[in-house]
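Some notes on the structure that comes next.
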Amino acid sequence: MPQIDQPLHDGPKHVAVIMDGNGRWAQKRGRPRLFGHHAGARRVREIVRACPDEGVKYLTIFAFSTENWKRTQTEVAGLMALFRRYIQREAMALLDEGVRVRFIGDRIKLDDKLVSLMDNLELLTSNNDKVHLTIALNYGSRDEVTRAAQRLAVEIEQGRLSHKDVDAETLSRFLDTRFLPDPDLVIRTSGEARISNFLLWQSAYAEYEFIDTLWPDFTKDVFAKVLAGYGKRERRFGAVIA
Ligand code: IPE
Ligand code: IPE
Ligand code: MG
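53 is the number that our numbering gives to position 30 of the sequence shown; each next residue is one higher, with no gaps.
Have a look at this one:
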């Protein structure tokens, strides 16, 4: 029998994070919401850097959802400017630190300048393998699965695939996340216990942690605590474990 404070299994290899609470963090300080988003971006830097020590090989972060366009024009424009700036400022450090960056989500609605920065960062870091950082930008699971189904339908229509070939494995290969293992742990900050259209298919057997901390307060120590808690959970994947 493992000791009560001994982990039952290895730490999570793939951690996905719904970085929520930037707006409330700013509001509490009487500042505009964008002030919270800037503070949140600084935490991203800290958490990415903590991954190698924590044994986290894949980190996937939810930066902007397909539903976030419903926010004010000021907030959306401010967030898009922040994403451009983040890529420009962080590119060299990410390259040096061995981080491979990839983006998931539909690029069609993003402006050309941002898309070319995203493409360049993916290419620049494509030989890195220390940490795989995936940024979900204009991402929504229903949109992702719908786009995958459309591409699958084209393959069938054009005779490259038969409907008999369509199984979970094949569908996974058409998702934006085709290069990623499934997440072991999904963390959502800010006290909301919902998924908000994030990695629905991929997280079928993930563990979830909903924590009250607002994203700009999510330090590497909080991260380490959440990861330690994960080690105490028993994962069964539908089986019975004696
Ligand atoms: C998460 O923080 C960041 C994005 C959705 C871009 P929020 O902006 O949702 O912050 P709250 O939930 O309003 O506090
Ligand atoms: C989810 O947070 C999206 C991101 C963190 C980017 P939201 O704040 O948009 O989600 P809801 O509206 O509370 O469900
Ligand atoms: Mg929110």
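Virtual Cβ for every residue (Gly too), placed ideally from N, Cα, C.
Contact set, ligand 1 heavy atom to C-beta under 7 Å: M42, D43, G44, N45, G46, R47, W48, R56, G59, H60, G63, A86, F87, S88, N91, L102, S213, L237 and W238
Segment contact flag, the segment 248-255 with the segment 31-41, C-beta cutoff 8 Å, min 3 pairs: yes
How would you label L144, buried or exposed, when you count the other beta carbons within 10 angstroms and need 16 or more for buried? In the sequence shown, the residue the question calls residue 144 occupies position 121. So L144 counts as buried.
Quick check: the Cα distance between H37 and D188, rounded to an integer number of angstroms? By 1-based counting over the sequence shown, the position of residue 37 is 14. By 1-based counting over the sequence shown, the position of residue 188 is 165. Distance between the alpha carbons of H37 and D188 is about 28 Å.
Contact check, Y162 vs I127 under 8 Å by CB: the rounded distance? Residue numbering aside, residue 162 sits at position 139 when the sequence shown is read from its first letter. Residue numbering aside, residue 127 sits at position 104 when the sequence shown is read from its first letter. About 5 Å; that satisfies the 8 Å criterion.
So with Cβ pairs under 9 Å, would you call D119 a contact of chain B? You won't find chain B in this structure, because it holds only one protein chain.
Give every residue of the same chain whose Cβ lies closer than 7 Å to the Cβ of G63, excluding the five residues on either side of it in the sequence, and list them in chain order. By 1-based counting over the sequence shown, the position of residue 63 is 40. Correct list, in chain order: M42, N45, W238 and P239.
Here's a check: name, in chain order, each residue in its chain whose Cβ is nearer than 6 Å to the Cβ of L250, leaving out the five neighbours to either side. Along the sequence shown, read from residue 1 onward, the residue named residue 250 stands at position 227. Within the same chain, L250 has close Cβ partners G34 and E77.
Using a Cβ-Cβ cutoff of less than 6 Å, which residues in the same chain neighbour F241 once the five nearest sequence positions on both sides are dropped? Position 218 of the sequence shown holds residue 241. Excluding sequence neighbours, F241 sits near R66 and T212.
Buried versus exposed, by CB contacts within 10 Å (16 or more), I131: The residue labelled residue 131 in the question sits at position 108 within the sequence shown. Result: exposed.
By DSSP, does T89 sit in helix, in strand, or in coil? Working through the sequence shown from its first residue, we reach residue 89 at position 66. Of the three classes helix, strand and coil, the one that applies to T89 here is coil, per DSSP.
Proximity test, E9 beta-carbon vs ligand 3 heavy atom, cut-off 8 Å: Here the chain covers residues 24 to 265 and nothing more, so residue 9 does not appear.
Give the DSSP-derived three-state secondary structure of L175 in the structure shown. Taking the first residue of the sequence shown as position 1, residue 175 is located at position 152. Three-state DSSP puts L175 in a helix.
Can you give me the C-alpha to C-alpha distance between N150 and K136, rounded to a whole angstrom? Counting from one through the sequence shown, the residue named residue 150 turns up at place 127. Counting from one through the sequence shown, the residue named residue 136 turns up at place 113. Going from the Cα of N150 to the Cα of K136 covers about 23 Å.
Determine the burial state of F202: buried for a count of at least 16 other Cβ atoms within 10 Å of its Cβ, exposed for fewer. Numbered from 1 along the sequence shown, position 179 holds the residue referred to as residue 202. Under this definition F202 is an exposed residue.
T200 - containing alpha helix (DSSP H), residue span: By 1-based counting over the sequence shown, the position of residue 200 is 177. Looking at the DSSP string, T200 is not in any alpha helix (DSSP H), and its letter there is neither H nor E.
Just checking E215 against ligand 2 - is the residue's beta carbon closer than 8 Å to any of the ligand's heavy atoms? For the purposes of this step, residue 215 is taken as the residue at position 192 of the sequence shown. True, at least one ligand heavy atom lies under 8 Å from that Cβ.
Between F221, A49 and Y231, which lies nearest to L160 when the distance is taken from Cα to Cα? Within the sequence shown, numbered from 1, the residue matching residue 160 stands at position 137. The candidate whose alpha carbon is nearest that of L160 is F221.
Same chain, Cβ closer than 6 Å to Y109, neighbours up to 5 away in sequence not counted: Counting from one through the sequence shown, the residue named residue 109 turns up at place 86. Here the set comprises A64.
Is F221 near ligand 2, with its Cβ less than 8 Å from a heavy atom? Here residue 221 is taken as the residue at index 198 of the sequence shown, counted from 1. Result yes, Cβ under 8 Å from ligand 2.
At a threshold of 8 Å, does A159 count as lining ligand 4 (C-beta to nearest heavy atom)? Absence of ligand 4 is noted for the structure shown, with ligand 1, ligand 2 and ligand 3 being the only ligands found.
Could you name the residues of the same chain whose beta carbon sits closer than 6 Å to that of V138, not counting the 5 residues immediately before and after it, in chain order? The residue you call residue 138 lines up with position 115 of the sequence shown. Excluding sequence neighbours, V138 sits near R130.
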